[in-house]
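Asks: Here it is, the structure in full.
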Amino acid sequence: MRIFLYFLSLCFLWGKSYIISPLPTPRQEVLDIVNQDCNIQCLQKFYEQQEYFSFVAKFDSKLKDQDLRAKLTGILSELNLFMSESFFENIQNSKKIKIALLVPRDVVGRYSAIGVNAILTYLTSRDVTYLFEVFDSKNEELEALHQTYEEIKQKKFDCVVAMLTQNGVEKLLEDTEITLPTYVPTVNKKQVMSKNIPEKLFFGGIDYEEQIKILYDFAKTEEIVEYDDASNIGNWLKSLSQKVGFNVIFGESITNERAAKFSQDLKNQEEILANRDVLLNIPVIKTGLILPQIGFLEEKPKRFLSTQINYNPSLLMLVKPKDRAQFFIVNAIGRTNNYLLGYGLLLGSDFQYDWVSYSIGIGVEIFFLNRGEKISKFFSETLENGQIQYANKIYRTYKNGFREVK
Numbered sequence: 242m243r244i245f246l247y248f249l250s251l252c253f254l255w256g257k258s259y260i261i262s263p264l265p266t267p268r269q270e271v272l273d274i275v276n277q278d279c280n281i282q283c284l285q286k287f288y289e290q291q292e293y294f295s296f297v298a299k300f301d302s303k304l305k306d307q308d309l310r311a312k313l314t315g316i317l318s319e320l321n322l323f324m325s326e327s328f329f330e331n332i333q334n335s336k337k338i339k340i341a342l343l344v345p346r347d348v349v350g351r352y353s354a355i356g357v358n359a360i361l362t363y364l365t366s367r368d369v370t371y372l373f374e375v376f377d378s379k380n381e382e383l384e385a386l387h388q389t390y391e392e393i394k395q396k397k398f399d400c401v402v403a404m405l406t407q408n409g410v411e412k413l414l415e416d417t418e419i420t421l422p423t424y425v426p427t428v429n430k431k432q433v434m435s436k437n438i439p440e441k442l443f444f445g446g447i448d449y450e451e452q453i454k455i456l457y458d459f460a461k462t463e464e465i466v467e468y469d470d471a472s473n474i475g476n477w478l479k480s481l482s483q484k485v486g487f488n489v490i491f492g493e494s495i496t497n498e499r500a501a502k503f504s505q506d507l508k509n510q511e512e513i514l515a516n517r518d519v520l521l522n523i524p525v526i527k528t529g530l531i532l533p534q535i536g537f538l539e540e541k542p543k544r545f546l547s548t549q550i551n552y553n554p555s556l557l558m559l560v561k562p563k564d565r566a567q568f569f570i571v572n573a574i575g576r577t578n579n580y581l582l583g584y585g586l587l588l589g590s591d592f593q594y595d596w597v598s599y600s601i602g603i604g605v606e607i608f609f610l611n612r613g614e615k616i617s618k619f620f621s622e623t624l625e626n627g628q629i630q631y632a633n634k635i636y637r638t639y640k641n642g643f644r645e646v647k
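What follows is the structure, encoded as structure tokens:
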């Protein structure tokens, strides 16, 4: 593992230390006790018959079939198994990769740390020689972004992860030539108004429009009560719900103060809420405040519906199971292997629930794949027309977690 002096100085600058245990990571192995080859059809049969241990034991690390590799990743996560490190072909003998992280720290705030942690997690999990540096543009003004990007090019970095907002992407494209592979994990390509998007610029943001459409089909056009807030994402989701045609009979913007005192006016909304679906375009903290208060009503809503913003383990702690028994959430985060998840725990990255970290991991992996590196994929998502394609699925909450609705 090679962590450069820049990373060490960054840790001291932020007042946060990363101490990696010298103890080896625990391993579980599935042994193949039957001396018989197993081809793609054989593996597919094991999978369909749910003979998962046989599937894992017979899996050849040289197999390139991406569908079967994605299924392997899912099984490993489900069974809490680790493959031996040698299974995932490392790239320590390849040319050193130089990755730059561009962050307008005054705009994205805490996402700066998320970007650093996620990139370092992926790089260290691959045991690769790398150079990683953070470039802070401070803000998303045209000149600041242009100067920062030019500095990255002058230092001859191979690729860029740019933690930008939609506005930041528009500003970057306005006066900057994108000559390096540049990945924006926080924006979906659909949000970008510019029609001239360079080939070397690609995106990993969640497709909230698709998630809203999935909820619309799930609700079957019934009458909806909608709660949103004045944040950018809240306004964006509200506009998308209007676009797809939700039949909203009542809507309210929930401020922090309103969420804390939601019960004061709740009795007047009981008749409206009774046996209707509630669309929650508010973050998990506000959701955690208002759901327990709604739970005291005699006539309760039929279901609660939400996009990615509420796919968060905090919801399970903030709201009692009885108050979220009919809570349905669209989630785009897929499964990745436990080897990467383990490094994430060490370096402060959550690839299981934090979609920004998950998106960054996919982007860094694509950098390697585009370099022609022969590695096994940690992620099953694909890149099409400059946008990461996610598999959005509906989940519901249970006592201690989320489960996909089949």
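Sequential numbering of the sequence shown, starting at 242, is according to the numbering used here. Ideal Cβ positions, reconstructed from N, Cα and C, are used throughout, including at glycine.
#1: Near residue 405, what residues of its chain come up, given a Cβ to Cβ distance below 6 Å and the 5 sequence neighbours on each side ignored?
#2: Buried or exposed: where does residue 366 fall if 16 or more other Cβ atoms within 10 Å of its Cβ makes it buried?
#3: Pairs of beta-carbons, one from the region 574 to 591 and one from the region 405 to 417, closer than 8 Å: are there three or more?
#4: Taking just the CA atoms, how far does residue 491 sit from residue 635?
#5: Quick one: what's got a C-beta closer than 8 Å to residue 562's C-beta in the same chain, skipping five residues either side?
#6: How far does the beta strand (DSSP E) with residue 536 in it reach, from first residue to last?
#7: Helix, strand or coil: how does DSSP classify residue 339 here?
#8: Which of the three DSSP states, helix, strand or coil, is assigned to residue 526?
#9: I'd like the list of long-range same chain contacts for residue 645, defined as Cβ closer than 6 Å, with 5 residues on each side in sequence excluded.
#10: Using the rule of at least 16 other Cβ atoms within 10 Å of the residue's Cβ for burial, across every protein chain shown, is residue 545 buried or exposed?
#11: Helix, strand or coil, according to DSSP, for residue 552 in the structure here?
#12: What residue range is occupied by the uninterrupted beta strand (DSSP E) comprising residue 544?
#13: Return the chain-ordered list of same chain residues with a C-beta closer than 8 Å to the C-beta of residue 608, the five sequence neighbours on each side being excluded.
#14: Three or more beta-carbon pairs under 8 Å between the region 624 to 633 and the region 445 to 455, yes or no?
#15: Alpha carbon to alpha carbon, what distance is there between residue 595 and residue 643?
#16: From residue 461 to residue 472, what does the alpha carbon distance come to, in whole angstroms?
#17: Using C-beta distances below 7 Å, list every residue in its chain close to residue 271, excluding the 5 sequence neighbours before and after it, in chain order.
#18: Ignore the nearest five residues each way along the sequence and tell me which others in residue 385's own chain have a CB closer than 8 Å to its CB.
#19: Is the distance from the Cβ of residue 429 to the Cβ of residue 589 below 7 Å?
Replies: Reading off the structure:
#1: 425
#2: buried
#3: no
#4: 24 Å
#5: 638, 639, 640
#6: Premise fails: residue 536 is in no beta strand (DSSP E) and is neither H nor E.
#7: strand
#8: helix
#9: 634, 636
#10: buried
#11: coil
#12: 544 to 547
#13: 338, 340, 399, 400, 422, 424
#14: yes
#15: 14 Å
#16: 27 Å
#17: Residue placement at residue 271 is poorly supported in this model, since its pLDDT is 45, which falls under 50; the coordinates are not used for a value here.
#18: 345, 378, 379
#19: no
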